[in-house]
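Residue numbers (my numbering): 3 to 125.
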């Protein structure tokens, strides 16, 4: 839950999270097994891509938030929010010429597109 609190605090203080999109976890830390299994179960990326993406703090924090959200929120509310996230990701993809030259943003965007698409299917 500390990750969610930290993410909430960062956003409430207007920190630009995308500035640290490539920042990796400390070498001494590893993604939680529940989070790893959550992404593994969705079967959206290869093992190598899953490991690489979940080592990025930005990605890991958002995935943890989505995991907790999907675990706790009633299905109807979850369905609506995931639909809104899908609309946001579709909008970002429509304007992808702004970040095509940045491989870090592109890889994270591709990962989140697959994640949100899969969550939308399941809801």
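Even for Gly, the Cβ is constructed at its ideal location relative to N, Cα and C.
Paired residues, beta bridge with residue 58 - DSSP: Here residue 58 refers to the residue found at position 56 of the chain shown. Answer is 26, bridged to residue 58.
Straight-line Cα distance separating residue 110 from residue 123: In the chain shown, residue 123 corresponds to position 121, counting from 1. In the chain shown, residue 110 corresponds to position 108, counting from 1. Each residue's Cα considered, the two are about 20 Å apart.
Since residue 4 is in the alpha helix (DSSP H), which residue starts that stretch and which ends it? To locate residue 4, count along the chain shown from 1; it is residue 2. Element bounds for residue 4: 4 to 14.
Measuring straight from C-alpha to C-alpha, what distance separates residue 6 and residue 65? As a first step, residue 6 is located in the chain shown; it is residue number 4 there, counting from the start. As a first step, residue 65 is located in the chain shown; it is residue number 63 there, counting from the start. Cα to Cα, the separation comes out at about 10 Å.
So is residue 52 buried or exposed if we call it buried at 16+ other beta carbons inside 10 Å? In the chain shown, counting from the first residue as 1, residue 52 sits at position 50. Residue 52 is buried by the Cβ-count criterion.
Nearest-angstrom Cβ-Cβ length linking residue 24 and residue 106, presumed shorter than 8 Å: To locate residue 24, count along the chain shown from 1; it is residue 22. To locate residue 106, count along the chain shown from 1; it is residue 104. Right, their Cβ atoms sit about 5 Å apart.
By the three-class DSSP mapping on this structure, what secondary structure does residue 72 have? In the chain shown, the residue the question calls residue 72 occupies position 70. Residue 72: helix per DSSP, three-state reduction.
Taking the alpha helix (DSSP H) that residue 112 falls in, what are its first and last residues? As a first step, residue 112 is located in the chain shown; it is residue number 110 there, counting from the start. Unbroken alpha helix (DSSP H) run through residue 112: 105 to 124.
Confirm, please, whether the CB-CB distance from residue 46 to residue 120 is below 8 Å. To locate residue 120, count along the chain shown from 1; it is residue 118. To locate residue 46, count along the chain shown from 1; it is residue 44. Against a cut-off of 8 Å, the Cβ pair of residue 46 and residue 120 comes out as a contact.
Are three or more beta carbon pairs between the region 23 to 39 and the region 88 to 102 nearer than 8 Å? no
Please classify residue 59 as buried or exposed, where buried requires at least 16 other C-beta atoms within 10 Å of its C-beta. Locating residue 59 in the chain shown gives position 57, where the first residue counts as 1. By the 10 Å Cβ count, residue 59 comes out buried.
DSSP three-state assignment for residue 199, whether helix, strand or coil: Residue 199 cannot be examined here, being either before or after the span of the chain that is shown, 3 to 125.
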